[in-house]
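Engineer: Next up is a structure, given as structure tokens.
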Amino acid sequence: MRHLAIIGSGPSGYYTAEAAQKAFGEDIRVDIFDRMPVPYGLIRSGVAPDHQSIKGVSRRYEKVALSETVRFVGNVAIGRDISVAELADLYDGLVFATGAPHDRELSIPGADLSNVFGSAGFVGWYNGHPEFSKLAPDLTGSTAVVIGMGNVALDVARILSKSREEFADSDIVSHALDQLGSAGIERIILLGRRGPHQIMMTPKELGELGNLARAMPLVDAADLPPADDDALLEPGLRKSVTILRQFAEAGTSAQNGKPITIEFVFFAQPHALHGTDKVEEIEVERTVIERGRAVGTGEFLRLPADLVVSCIGYRSSPIPGLPFDERAGRFANDEGRILPGIYCVGWARRGPTGTIGTNRPDGYAIVEKIAEDLASGTLGPGSKQGRAGFDALAKSKGLDLVTFRDWKKIEQAEEEAAREDAPREKFVDLAAMMQALGDDREP
Ligand code: NAP
């Protein structure tokens, strides 16, 4: 019997477990660890609450989790509660599927002013992530600036502009729903340091901005390159740019009787944030594109900014004992191999790119490497203790592990607490999650 530890229960972790099940069948036992008492990582706390159909992929992960060969072990942080060396003593292979939970830093003066947030925190706040549920952004000002032209920026702009009714069937947490309900935002500026041909937004997500009840996207036609140039773009980007062209023709919020404008400001890179205590303005430098890069022109302008959310990408968390590529913000690895018997997958391997589905081939590819290493003898003779050894170690350390069956209790409690028009009301702190487990837990 071989033993595999997967650290992180988000999409890349579960796809890796699924691939291992298929490749090794009954010859493997897989433990999926998570520092949270609840599984699914970004599916739960990253995917936008109004994108429930994307969250539905967790049913596929549940099928993997409910098999004999795979188990979920929550509420244990590898690198803190259990060291990498301790885990490597117990399992033939370790796969780090820990994602990229930290913001790429917005390194400009004033970034530490109040009401300036990174997307990890802001998205975590409206998704009820326990680390960010107390964020309490001030949404009373009239102008929000969202930095970045990726899908996360789109999520944030859309969530900021939706009406209460548009959150029906979503699992946005009540604290966020209430605060958004009394928000004063009238203008949302989406700030891009490059131009329309360099956006990272995908067509389906961008198109949603055109169907909002209270908000209108606004694109200045003068920013758009000649239409003929679109032919050079790859098909997905071409579709997105076509949508920007439609936005440019659709008129203003005022013309369409909508109270909120989502304004695309291109060719403007963040230079500084200004305010006495709380942020009040963002100073940007105008740019031109040279060989695909944004180059400052020396022309600066200030835009109002009562709230700033920086959606400029993410970094992985270093883990003691594992080599880390500081510049790229992910584990130092060669096609997923970090050290003999230690691997990484998903955002922890390749950085924060791609959709949920991109992680599936990633998971299958890493299992192929594991199979190669098993065949070559790199993973040793197969005498590791696996689960039994882990359980004894966890007991000796007094860890309060959460099983998949425990998670199902948390899930049930969240479903029972749901608002009338919502699938669940998430617990937003760890103590409440653990309390929902009750006293009759299996040892
Ligand atoms: P992203 O797609 O990499 O976009 C990051 C944006 O930030 C880019 O426009 C980038 O501009 C800009 N940026 C980076 N550094 C900057 C700086 N210092 N100053 C100003 N702008 C800066 O990242 P993301 O939006 O965080 O998304 C991460 C991944 O998750 C993506 O693959 C995305 O598609 C995926 N995702 C998917 C969905 C969905 O499918 N519904 C939803 C959310 C996220 P440059 O291009 O100029 O660097």
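The numbering of the sequence shown is our numbering, which starts it at -6 and goes up by one. Positions of the beta carbon are idealized from the N, C-alpha and C atoms, including for glycine. Everything numeric in this text was worked out from a predicted model, so none of it was measured.
Which of helix, strand or coil does DSSP assign to G344?
Structural biologist: For the purposes of this step, residue 344 is taken as the residue at position 351 of the sequence shown. Per DSSP, reduced to three states, the secondary structure at G344 is coil, with no helix or strand assignment.
Engineer: When DSSP labels each residue in this structure, what does H190 get in the three-state scheme?
Structural biologist: For the purposes of this step, residue 190 is taken as residue 197 along the sequence shown, with counting starting at 1. H190 falls in the helix class under three-state DSSP.
Engineer: When you compare only the Cα positions, how much space is there between K362 and L372?
Structural biologist: Position 369 of the sequence shown, counting from 1, holds the residue named residue 362. Position 379 of the sequence shown, counting from 1, holds the residue named residue 372. Straight-line Cα distance between these residues: approximately 11 Å.
Engineer: What would DSSP say about I181, mapped onto helix, strand or coil?
Structural biologist: Along the sequence shown, read from residue 1 onward, the residue named residue 181 stands at position 188. The answer is strand: DSSP assigns I181 an E or B state.
Engineer: Looking at C-beta atoms only, is the number of pairs between the region 408 to 427 and the region 28 to 45 that lie closer than 8 Å three or more?
Structural biologist: yes
Engineer: So, with DSSP's three-state summary, where would you put M29?
Structural biologist: Working through the sequence shown from its first residue, we reach residue 29 at position 36. Coil at M29, not helix or strand.
Engineer: Which of helix, strand or coil does DSSP assign to K56?
Structural biologist: Mapped onto the sequence shown, residue 56 falls at position 63. If DSSP states are grouped into helix, strand and coil, K56 belongs with the helices.
Engineer: How many whole angstroms separate the CB atoms of S112 and V272, which I take to be in contact at a CB cut-off of 8 Å?
Structural biologist: Sequence index remark: in the sequence shown, residue 112 carries index 119 (1-based). Sequence index remark: in the sequence shown, residue 272 carries index 279 (1-based). Not confirmed; about 16 Å, so no contact.
Engineer: Can the beta-carbon of M193 be found closer than 8 Å to that of I255?
Structural biologist: Position 200 of the sequence shown holds residue 193. Position 262 of the sequence shown holds residue 255. Taking 8 Å as the cut-off, the beta carbon of M193 is found no closer than this to the beta carbon of I255.
Engineer: Should G1 and G49 be called a contact, given that it needs their Cβ atoms to be closer than 8 Å?
Structural biologist: Translated into positions along the sequence shown, residue 1 becomes position 8. Translated into positions along the sequence shown, residue 49 becomes position 56. No, they are not a contact pair.
Engineer: Is the region 246 to 263 touching the region 179 to 199 in the sense that three or more CB pairs, one from each, lie closer than 8 Å?
Structural biologist: yes
Engineer: Cβ of N144 within 7 Å of any heavy atom in the ligand NAP?
Structural biologist: Walking along the sequence shown from the start, residue 144 turns up at place 151. Correct: N144 has its Cβ closer than 7 Å to the ligand NAP.
Engineer: Could you compute how far the alpha carbon of Q248 sits from the alpha carbon of A241?
Structural biologist: Taking the sequence shown and counting its residues from 1, one reaches residue 248 at position 255. Taking the sequence shown and counting its residues from 1, one reaches residue 241 at position 248. Their Cα atoms are separated by approximately 13 Å.
Engineer: Distance check for R398 and D433, CA to CA, integer angstroms please.
Structural biologist: Along the sequence shown, one-based indexing puts residue 433 at 440. Along the sequence shown, one-based indexing puts residue 398 at 405. Straight-line Cα distance between these residues: approximately 12 Å.
Engineer: Is the region 13 to 25 in contact with the region 51 to 68, if contact means three or more CB pairs nearer than 8 Å?
Structural biologist: yes
Engineer: Can E256 be considered in contact with the ligand NAP, in the sense that its beta carbon sits closer than 7 Å to one or more heavy atoms?
Structural biologist: Taking the first residue of the sequence shown as position 1, residue 256 is located at position 263. No; taking the cut-off as 7 Å, the Cβ of E256 has no heavy atom of the ligand NAP nearer than that.
Engineer: S233 to T195, Cα distance in whole Å?
Structural biologist: Position 240 of the sequence shown, counted from the start, is the residue given in the question as residue 233. Position 202 of the sequence shown, counted from the start, is the residue given in the question as residue 195. Cα-Cα distance, rounded: 6 Å.
Engineer: Leaving out five residues before and five after D164 in sequence, what residues of the same chain have Cβ atoms less than 6 Å from its Cβ?
Structural biologist: As a first step, residue 164 is located in the sequence shown; it is residue number 171 there, counting from the start. Within the same chain, D164 has close Cβ partners P42, A415, P416 and R417.
Engineer: Is P228 near the ligand NAP, judged by its Cβ being under 7 Å from some heavy atom?
Structural biologist: Reading the sequence shown from its first residue, position 235 is the one you call residue 228. Remark: the C-beta of P228 is outside contact range of the ligand NAP, defined as less than 7 Å to any heavy atom.
Engineer: So what does A(-2) bridge to, in DSSP terms?
Structural biologist: Counting from one through the sequence shown, the residue named residue -2 turns up at place 5. Answer by DSSP bridge pairing, in chain order: D24 and L87.
Engineer: Can you name the start and end residues of the beta strand (DSSP E) that E256 belongs to?
Structural biologist: Translated into positions along the sequence shown, residue 256 becomes position 263. Unbroken beta strand (DSSP E) run through E256: I253 to V258.
Engineer: Could you give the distance in angstroms between the alpha-carbon of L394 and the alpha-carbon of V288?
Structural biologist: Position 401 of the sequence shown, counted from the start, is the residue given in the question as residue 394. Position 295 of the sequence shown, counted from the start, is the residue given in the question as residue 288. Each residue's alpha carbon lies about 51 Å from the other.
Engineer: So the alpha helix (DSSP H) Q378 belongs to, where does it begin and stop?
Structural biologist: Walking along the sequence shown from the start, residue 378 turns up at place 385. Neither: Q378 is in no alpha helix (DSSP H) and is coded neither H nor E.
Engineer: Count the other C-beta atoms from every protein chain shown that fall within 10 angstroms of the C-beta of T269, then say buried if there are 16 or more, exposed otherwise.
Structural biologist: As a first step, residue 269 must be located in the sequence shown, where it is residue number 276. The Cβ neighbour count for T269, taken over all protein chains shown within 10 Å, is under 16; the residue is labelled exposed.
Engineer: Identify, in the order they occur along the chain, each residue of the same chain with its Cβ nearer than 8 Å to the Cβ of T245, setting aside the five sequence neighbours on each side.
Structural biologist: Working through the sequence shown from its first residue, we reach residue 245 at position 252. Hits under 8 Å: M209, L211 and T254.
Engineer: Might you give, ordered along the chain, the residues of its own chain that have their beta carbon closer than 8 Å to the beta carbon of E158, omitting 5 neighbours on each side?
Structural biologist: For this step, residue 158 is matched to residue 165 along the sequence shown. Excluding sequence positions up to five before and after E158, its CB lies within less than 8 Å of the CB of A206, all in the same chain and listed in chain order.
Engineer: Counting beta carbon pairs with one atom in the region 8 to 22 and one in the region 313 to 327, are three or more of them shorter than 8 Å?
Structural biologist: no
Engineer: Taking the CB atoms as reference points, tell me whether S167 and G314 lie closer together than 8 Å.
Structural biologist: Sequence index remark: in the sequence shown, residue 167 carries index 174 (1-based). Sequence index remark: in the sequence shown, residue 314 carries index 321 (1-based). No.
Engineer: Here's the rule I'm using: 16 or more other beta-carbon atoms within 10 Å means buried, otherwise exposed. How should K15 be labelled?
Structural biologist: Counting from one through the sequence shown, the residue named residue 15 turns up at place 22. K15 comes out exposed.
Engineer: Does the Cβ of N326 have 16 or more other Cβ atoms within 10 Å, making it buried, or fewer, making it exposed?
Structural biologist: Position 333 of the sequence shown, counted from the start, is the residue given in the question as residue 326. That one is buried.
Engineer: In terms of residues, what are the limits of the alpha helix (DSSP H) holding R238?
Structural biologist: Translated into positions along the sequence shown, residue 238 becomes position 245. Per DSSP, R238 belongs to the alpha helix (DSSP H) from P228 to E242.
Engineer: Sorry if obvious, but does the Cβ on H190 come closer than 7 Å to a heavy atom of the ligand NAP?
Structural biologist: Translated into positions along the sequence shown, residue 190 becomes position 197. Taking the Cβ of H190 as the reference point, every heavy atom of the ligand NAP lies at 7 Å or farther away.
Engineer: For I359 versus R97, is the C-beta distance shorter than 8 Å?
Structural biologist: Here the question's residue 359 lines up with position 366 in the sequence shown. Here the question's residue 97 lines up with position 104 in the sequence shown. No; because the gap between Cβ atoms is not below 8 Å, this pair is not in contact.
Engineer: Hey, quick one: how far does the beta strand (DSSP E) through H264 stretch, first residue to last?
Structural biologist: Within the sequence shown, the letter at position 271 stands for residue 264. Element bounds for H264: A261 to H267.
Engineer: Quick check: the region 77 to 86 against the region 328 to 344, are at least 3 beta-carbon pairs closer than 8 Å?
Structural biologist: yes
Engineer: I'd like to know whether the C-beta atoms of A265 and G103 end up nearer to each other than 8 Å.
Structural biologist: Numbered from 1 along the sequence shown, position 272 holds the residue referred to as residue 265. Numbered from 1 along the sequence shown, position 110 holds the residue referred to as residue 103. A contact, by the Cβ cut-off of 8 Å.
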